[in-house]
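What follows is a set of notes on a single structure, which appears directly below.
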Amino acid sequence: MSSPHPLDPSARWIGRDPLYVPEFDPRSGPQDTPMALISGEPALLLRRVVEIPEQLVSATLRMSARGVYVARLGGRRVDDVQLAPGWTDYHHRITYRTVDVTAHLAPGPQVWSVELGPGWFSGFLGMDAGRRARHYGEHTSVIGELEMRTADGAVIRHVTDDGWVVSDGGTLHADPMLGQMTDPRREPAGWHDPAADQPGAVPAVVTDPPSARFEPQVAPDLVVTDVLTPTAITTIAPGTTLIDLGVNIVGRVRLRIPAASAARPAGAHIHLRHGEALNGDGTLYTENLRAALAHDIAVITDTEWVFDPEFTFHGFRYVEIVGYPGTVTPDDVSGLVIGPRVSTVGSFSCSDQTVNTLHDNVLRTIRNNLVGAPTDCPQRDERLGWMGDASAISATMLFSLDMDDYLASWFVDVRDGQHPNGAFPDVAPRVVVDAEGAPAWADAGVLVPWRHHRYGGPRATLEAHYPAMSAFMDHLERNNPDHYRSRALSRSYGDWLNLDDPTDKALFATAHWALCADAMTAAARALDRADDVERWSASAAAIRDPFAEALLAGGPGRGSQTVLAMAIMGRLVDDPTRAELGARLREAVTGNGTALTTGIHGTRFLLPALSETGSLDVAYALLLRRDYPSWLYAVDRGATTIWERWDGWREDVGFQTPFMNSLNHYALGSVAEWLHEYVAGLRPGVIGWDDVTIRPYPGAALTQAAAERLSPAGRLASAWRTDGESIQLRVTSPAGCRVAVPTTEPDAIDARHARVLSPDPWPLLELPAGDHEIVAPWSPGWVPPSAPAVPGWC
Ligand code: BGC
Numbered sequence: 002m003s004s005p006h007p008l009d010p011s012a013r014w015i016g017r018d019p020l021y022v023p024e025f026d027p028r029s030g031p032q033d034t035p036m037a038l039i040s041g042e043p044a045l046l047l048r049r050v051v052e053i054p055e056q057l058v059s060a061t062l063r064m065s066a067r068g069v070y071v072a073r074l075g076g077r078r079v080d081d082v083q084l085a086p087g088w089t090d091y092h093h094r095i096t097y098r099t100v101d102v103t104a105h106l107a108p109g110p111q112v113w114s115v116e117l118g119p120g121w122f123s124g125f126l127g128m129d130a131g132r133r134a135r136h137y138g139e140h141t142s143v144i145g146e147l148e149m150r151t152a153d154g155a156v157i158r159h160v161t162d163d164g165w166v167v168s169d170g171g172t173l174h175a176d177p178m179l180g181q182m183t184d185p186r187r188e189p190a191g192w193h194d195p196a197a198d199q200p201g202a203v204p205a206v207v208t209d210p211p212s213a214r215f216e217p218q219v220a221p222d223l224v225v226t227d228v229l230t231p232t233a234i235t236t237i238a239p240g241t242t243l244i245d246l247g248v249n250i251v252g253r254v255r256l257r258i259p260a261a262s263a264a265r266p267a268g269a270h271i272h273l274r275h276g277e278a279l280n281g282d283g284t285l286y287t288e289n290l291r292a293a294l295a296h297d298i299a300v301i302t303d304t305e306w307v308f309d310p311e312f313t314f315h316g317f318r319y320v321e322i323v324g325y326p327g328t329v330t331p332d333d334v335s336g337l338v339i340g341p342r343v344s345t346v347g348s349f350s351c352s353d354q355t356v357n358t359l360h361d362n363v364l365r366t367i368r369n370n371l372v373g374a375p376t377d378c379p380q381r382d383e384r385l386g387w388m389g390d391a392s393a394i395s396a397t398m399l400f401s402l403d404m405d406d407y408l409a410s411w412f413v414d415v416r417d418g419q420h421p422n423g424a425f426p427d428v429a430p431r432v433v434v435d436a437e438g439a440p441a442w443a444d445a446g447v448l449v450p451w452r453h454h455r456y457g458g459p460r461a462t463l464e465a466h467y468p469a470m471s472a473f474m475d476h477l478e479r480n481n482p483d484h485y486r487s488r489a490l491s492r493s494y495g496d497w498l499n500l501d502d503p504t505d506k507a508l509f510a511t512a513h514w515a516l517c518a519d520a521m522t523a524a525a526r527a528l529d530r531a532d533d534v535e536r537w538s539a540s541a542a543a544i545r546d547p548f549a550e551a552l553l554a555g556g557p558g559r560g561s562q563t564v565l566a567m568a569i570m571g572r573l574v575d576d577p578t579r580a581e582l583g584a585r586l587r588e589a590v591t592g593n594g595t596a597l598t599t600g601i602h603g604t605r606f607l608l609p610a611l612s613e614t615g616s617l618d619v620a621y622a623l624l625l626r627r628d629y630p631s632w633l634y635a636v637d638r639g640a641t642t643i644w645e646r647w648d649g650w651r652e653d654v655g656f657q658t659p660f661m662n663s664l665n666h667y668a669l670g671s672v673a674e675w676l677h678e679y680v681a682g683l684r685p686g687v688i689g690w691d692d693v694t695i696r697p698y699p700g701a702a703l704t705q706a707a708a709e710r711l712s713p714a715g716r717l718a719s720a721w722r723t724d725g726e727s728i729q730l731r732v733t734s735p736a737g738c739r740v741a742v743p744t745t746e747p748d749a750i751d752a753r754h755a756r757v758l759s760p761d762p763w764p765l766l767e768l769p770a771g772d773h774e775i776v777a778p779w780s781p782g783w784v785p786p787s788a789p790a791v792p793g794w795c
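The numbering of the sequence shown is our numbering, which starts it at 2 and goes up by one.
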């Protein structure tokens with residue numbers, strides 16, 4: 002059965018004879034190769050000689066793979082893209098890339114070749130010990146078309162078909178999690194020479210086409226986004242070198258391999274092991290990687306070469322190198338960071354350098370978790386598109402990065418993973434974890450697409466997703482006709498990783514349902530669906546009553562910091578009750594030694610909720626707290642990324658359990674949303690950045706703060722500075738904006754060109770487009786008035 006595809010109909014999916022067994026046995030090497038590594042697959046080489054016509058005007062290459070591929074013409078890579086075609090829900094959708102290759106071609110015979118590794122398709126993925134790899138299929142294959150146009154108008158096409166040959170190459174293992182092993186001596190001679198015979202190659206086998214949809218790639222390409230020089234190179238034992246890249250990254254190490262010598266003859270192995278941290282004795286800590294071996298091997302040959310294992314990727318800061326001839330110098334080794342080509346559109350800074358480092362760490366962690374899908378972590382044997390984590394960080398991410406194409410593609414994976422009853426999955430692409438999604442995880446299927454639109458994402462992306470969002474809401478309502486979400490909770494993780502302050506699962510689920518109903522109301526309004534606006538706002542109201550009743554009835558899990566903060570921020574109770582909950586939240590935090598207890602979801606709501614209910618001082622105290630538990634506790638201990646758990650490492654205990662202790666997990670980084678939107682006061686309007694109200698919440702602990710966001714109209718900026726008696730605000734707005742002025746004396750605001758608006762409990766100014774400076778009295782005792790609800794906030 003063949004699926005329609007936009008390549009020439011004669012193009013075929015080709016690979017290697019499935020019965021072929023590679024002759025290479027890694028145990029035959031001169032040094033032990035870890036047993037686990039031998040379950041990795043080699044990368045295949047495929048090639049065909051094509052005739053390039055005279056008078057070529059243009060040429061395009063369209064390719065895709067079940068696996069990950071590198072395409073070459075005449076031995077030269079056609080582009081710098083990594084791990085193409087990226088990761089989609091291959092059960093449902095495989096995407097192809099189109100590249101202009103005109104500049105790569107010269108008339109005459111030329112070799113079109115492909116190197117093909119297992120990648121997400123058949124490599125190790127997830128943490129299921131019963132099924133480590135081959136989640137999408139057993140055998141890799143590739144498809145492609147080279148289309149050339151000549152000056153006389155002719156169109157010539159070459160395709161992948163049974164005229165290709167396939168061979169083993171130098172990449173003996175190429176697994177995303179296990180690592181890569183390369184022995185250049187095994188590259189077939191003359192592989193890129195059209196005239197060279199290939200006695201070791203065999204005809205490629207045409208394989209069954211996938212039943213998945215075959216569509217053009219939407220997601221931004223994965224590329225090398227940065228090349229790092231080590232910050233330290235240390236010999237920790239004879240023959241063992243430790244490289245420190247200075248920051249925790251996702252990517253790989255590129256290493257110069259010197260030519261063979263008497264001490265290190267051709268065939269000797271150099272081992273590279275990767276880790277995020279060090280043990281107390283300075284050796285590499287790898288226990289938290291679980292089954293992800295993250296072990297690369299390069300083989301020494303008679304000539305110098307460069308090892309660049311591009312069919313694998315690791316989450317790491319440190320690399321241990323064993324067996325390197327001589328000393329490793331900074332010129333020999335670099336760290337290659339990989340990630341999607343997405344640009345930075347938002348920034349934040351303030352007078353506290355540790356907070357700035359925290360903010361940098363949040364951004365680094367987000368970028369480290371965008372390889373293939375928005376993942377929980379890039380290092381251990383998991384690396385799945387956990388939707389709850391993505392939801393928790395989404396507003397931070399959407400403020401900071403241009404996510405339009407990335408999310409447009411991911412939302413297709415979210416839809417492809419939706420269960421027939423409307424339930425969204427826990428992970429997208431849906432693989433390994435097949436269950437219906439839990440509250441706050443599945444809900445990302447509604448919340449993230451709406452937030453994306455609110456932060457300026459295209460209407461068409463929301464429109465395409467809206468039917469799936471409605472189906473999910475119907476599923477919740479069918480199962481919970483009383484509007485209390487106590488059924489169909491699936492795995493129900495709750496406020497995951499909270500500190501001994503759990504939230505009642507049904508209450509937590511119902512709070513999320515209310516946020517989803519608010520998001521649906523706003524989405525329906527944005528899409529001009531008047532009937533639906535009514536429908537969703539009615540359910541939003543209906544859900545609030547049983548929530549409030551259960552919350553106020555009290556009992557276990559009904560007074561957690563998380564549920565109080567969610568009730569406040571979601572406006573799940575009436576205003577007087579909201580104020581009371583504010584007082585309770587203050588007490589819950591200060592009564593706990595001014596320490597938070599929230600998990601990966603509650604954290605996002607905590608500082609905003611305190612800020613909005615008269616406890617801005619407590620919010621700042623939590624931000625700036627340095628003892629455990631706090632964000633700065635990790636920063637003070639040298640963290641360069643956000644940890645999965647508050648107690649990832651503790652002075653008194655050491656590392657948390659290696660079974661679940663990633664040091665590169667973004668959810669707890671949602672504090673950056675508060676930095677952008679409260680501290681600096683820059684947040685989107687109802688939709689996008691044209692009609693915004695800047696509302697800064699200055700605190701005595703800082704003397705200045707600033708945030709910027711690029712918008713289609715230009716650069717939007719909010720900055721403040723205080724000397725403890727007055728506050729100076731500087732605002733740039735290409736479209737004009739409102740500014741809610743934090744001041745102790747509303748009558749003494751000094752602002753030219755401003756029109757004073759009301760009503761808002763804060764003094765509200767309307768400013769025309771341009772740059773503005775506003776000065777007003779302010780003192781550290783300032784308590785922000787409660788602010789009006791932001792429509793569409795969820
Ligand atoms: C992941 C989390 C995820 C969770 C579900 C973990 O293994 O790393 O980030 O949300 O499972 O509870």
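Built from N, CA and C at the ideal position, the CB exists for glycine as well.
Look up GLY782 in the DSSP assignment and say whether it is helix, strand or coil.
Here residue 782 refers to the residue found at position 781 when the sequence shown is read from its first residue. Secondary structure at GLY782: coil, using DSSP grouped into helix, strand and coil.
Which residues in the same chain have their Cβ closer than 7 Å to the Cβ of ILE750, if we skip the five residues on either side of it in sequence?
Position 749 of the sequence shown, counted from the first residue, corresponds to residue 750. Excluding positions up to five away in sequence, the list reads VAL742, THR744, PRO764, ILE775, ALA777.
How about ARG94 and ALA213: do their beta carbons lie closer than 8 Å?
Against the sequence shown, residue 94 aligns to sequence position 93. Against the sequence shown, residue 213 aligns to sequence position 212. Contact: yes.
Could you check what DSSP says for GLY180 in three-state terms: helix, strand or coil?
Here residue 180 corresponds to residue number 179 of the sequence shown, with the count starting at 1. Annotated three-state conformation of GLY180 is strand, per DSSP.
How would you write the range of the alpha helix (DSSP H) that PRO108 sits in, first residue to last?
Against the sequence shown, residue 108 aligns to sequence position 107. According to the DSSP assignment, PRO108 belongs to no alpha helix (DSSP H), since it is labelled neither H nor E.
Would ARG452 pass as a contact of LEU399 if the rule is Cβ separation under 8 Å?
For the purposes of this step, residue 452 is taken as the residue at position 451 of the sequence shown. For the purposes of this step, residue 399 is taken as the residue at position 398 of the sequence shown. LEU399 sits close to ARG452, with the two beta carbons spaced by under 8 Å.
Buried or exposed: which applies to ASN662, given that a residue is buried once 16 or more other Cβ atoms fall within 10 Å of its Cβ?
In the sequence shown, counting from the first residue as 1, residue 662 sits at position 661. Per the 10 Å Cβ criterion, buried.
Are there any heavy atoms of the ligand BGC lying less than 7 Å away from the beta-carbon of HIS602, as far as the coordinates show?
Here residue 602 refers to the residue found at position 601 when the sequence shown is read from its first residue. No, the beta carbon of HIS602 sits no closer than 7 Å to any heavy atom of the ligand BGC.
Is ASP377 close to the ligand BGC? I mean its beta-carbon at under 7 Å from any heavy atom of the ligand.
On the sequence shown, position 376 is the one that residue 377 refers to. ASP377 Cβ: within cutoff of the ligand BGC.
Where GLY373 falls, given that 16 or more other Cβ within 10 Å makes a residue buried:
Numbered from 1 along the sequence shown, position 372 holds the residue referred to as residue 373. Flag for GLY373 reads buried.
Any chance the CB of MET398 is under 7 Å from a heavy atom of the ligand BGC?
Counting from one through the sequence shown, the residue named residue 398 turns up at place 397. Checking every heavy atom of the ligand BGC against the Cβ of MET398, none is found closer than 7 Å.
Is there at least one non-hydrogen atom of the ligand BGC closer than 7 Å to the beta-carbon of GLY1?
One cannot answer for residue 1 here, as it falls past the ends of the chain, which runs 2 to 795.
How far does the beta strand (DSSP E) with SER734 in it reach, from first residue to last?
Numbered from 1 along the sequence shown, position 733 holds the residue referred to as residue 734. Boundaries of the beta strand (DSSP E) harbouring SER734: 727-734, taken from the DSSP string.
Return the Cβ separation of CYS351 and LEU703 in integer angstroms, given the expectation that the two are a contact with Cβ distance under 8 Å.
Working through the sequence shown from its first residue, we reach residue 351 at position 350. Working through the sequence shown from its first residue, we reach residue 703 at position 702. About 5 Å separates the beta carbons of CYS351 and LEU703, which is inside the 8 Å limit, making them a contact pair.
If LEU565 and LEU582 are in contact, beta carbons under 8 Å, what's the gap, nearest whole angstrom?
Taking the first residue of the sequence shown as position 1, residue 565 is located at position 564. Taking the first residue of the sequence shown as position 1, residue 582 is located at position 581. That pair is a contact at about 5 Å.
Would the beta-carbon of LEU490 fall within 8 Å of that of TRP514?
By one-based count along the sequence shown, residue 490 stands at place 489. By one-based count along the sequence shown, residue 514 stands at place 513. With a cutoff of 8 Å on beta-carbon distance, LEU490 and TRP514 are scored as not near each other.
Need the endpoints of the alpha helix (DSSP H) that TRP632 sits in, please.
Reading the sequence shown from its first residue, position 631 is the one you call residue 632. Where TRP632 is concerned, the enclosing alpha helix (DSSP H) stretches over 632-637.
For ARG28, which residues of its own chain have a beta-carbon under 6 Å away from its beta-carbon, when the five flanking residues on both sides are left out?
Looking up residue 28 in the sequence shown gives position 27. At ARG28 the pLDDT is 46, less than 50, meaning the model places this residue with poor confidence; the figure from the coordinates comes in the next sentence. Answer for ARG28: no residue qualifies.
What's the C-alpha gap between GLU678 and SER401?
In the sequence shown, residue 678 corresponds to position 677, counting from 1. In the sequence shown, residue 401 corresponds to position 400, counting from 1. Distance from the CA atom of GLU678 to the CA atom of SER401, rounded to whole angstroms, is 12 Å.
With a threshold of 7 Å (Cβ to nearest heavy atom), would GLU383 be considered close to the ligand BGC?
Mapped onto the sequence shown, residue 383 falls at position 382. At least one heavy atom of the ligand BGC sits closer than 7 Å to the Cβ of GLU383.
Below 8 Å, how does it come out for the segment 314-328 and the segment 242-250: are there three or more Cβ pairs, yes or no?
Yes, the segment 314-328 is in contact with the segment 242-250.
Compute the minimum distance between the beta carbon of MET661 and the heavy atoms of the ligand BGC, and state whether it is under 7 Å.
Numbered from 1 along the sequence shown, position 660 holds the residue referred to as residue 661. Yes; taking the cut-off as 7 Å, the Cβ of MET661 has a heavy atom of the ligand BGC nearer than that.
Who are the Cβ neighbours of ARG265 in its own chain at under 6 Å, not counting the five residues just before and after it?
Translated into positions along the sequence shown, residue 265 becomes position 264. Excluding residues up to 5 positions away in sequence, ILE301, PRO326 lie with their Cβ nearer than 6 Å to the Cβ of ARG265 in the same chain.
So, is ASN422 buried or exposed, given that buried needs 16 or more other C-beta atoms within 10 angstroms?
As a working mapping, residue 422 is identified with position 421 in the sequence shown. By the neighbour-count rule (16 or more Cβ atoms within 10 Å), ASN422 is not buried but exposed.
What does a CB cutoff of less than 6 Å around ASP390 pick up in its chain, not counting 5 residues either side in sequence?
Position 389 of the sequence shown holds residue 390. Non-local C-beta neighbours of ASP390 in its own chain, meaning closer than 6 Å and more than five positions away in sequence, comprise ASP377, ALA668, ordered along the chain.
Assess contact between the segment 178-188 and the segment 292-299, defined as three or more Cβ pairs (one per stretch) separated by less than 8 Å. Is contact present?
Yes, the segment 178-188 is in contact with the segment 292-299.
So what does TYR114 bridge to, in DSSP terms?
Translated into the one-based positions of the sequence shown, residue 114 becomes position 113. Note that residue 114 is Ser in the sequence shown here, rather than Tyr. Per DSSP, ARG48, ARG73.
Straight-line CA distance for LEU47 to ASP101?
Here residue 47 refers to the residue found at position 46 of the sequence shown. Here residue 101 refers to the residue found at position 100 of the sequence shown. Annotation: LEU47 to ASP101 spans about 21 Å, alpha carbon to alpha carbon.
Is the segment 645-657 touching the segment 361-370 in the sense that three or more CB pairs, one from each, lie closer than 8 Å?
Contact between the segment 361-370 and the segment 645-657 is absent, because fewer than three Cβ pairs lie under 8 Å.
I need the straight-line Cα distance from ALA197 to TYR97, nearest angstrom please.
The count along the sequence shown starts at 1 and reaches residue 197 at position 196. The count along the sequence shown starts at 1 and reaches residue 97 at position 96. Rounded to the nearest whole angstrom, the C-alpha separation of ALA197 and TYR97 is 30 Å.
CB of HIS466 to nearest heavy atom of the ligand BGC: below 7 Å?
Position 465 of the sequence shown, counted from the first residue, corresponds to residue 466. Outside the cutoff, so no.
Give a yes or no on whether the C-beta atoms belonging to ALA790 and ARG572 are separated by under 8 Å.
Position 789 of the sequence shown, counted from the start, is the residue given in the question as residue 790. Position 571 of the sequence shown, counted from the start, is the residue given in the question as residue 572. Their beta carbons are under 8 Å apart, which means ALA790 touches ARG572 by this criterion.
Given a threshold of 16 other Cβ atoms within 10 Å of its Cβ, counted over all protein chains shown, does MET532 qualify as buried or as exposed?
Along the sequence shown, one-based indexing puts residue 532 at 531. Reading off the sequence shown, one finds Asp at residue 532, where the question assumed Met. An exposed status is given to ASP532, since fewer than 16 other beta-carbon atoms sit within 10 Å of its beta-carbon.
Rounded straight-line distance, which links the Cα of LEU279 to that of THR235
As a working note, residue 235 is residue 234 in the sequence shown. As a working note, residue 279 is residue 278 in the sequence shown. Rounded to whole angstroms, the separation of the alpha carbons of LEU279 and THR235 is 13 Å.
In whole angstroms, what is the alpha-carbon distance linking VAL693 and PRO557?
If you number the sequence shown from 1, residue 693 lands on position 692. If you number the sequence shown from 1, residue 557 lands on position 556. Roughly 40 Å separates the two Cα atoms.
So, with DSSP's three-state summary, where would you put HIS136?
Counting from one through the sequence shown, the residue named residue 136 turns up at place 135. HIS136 falls in the coil class under three-state DSSP.
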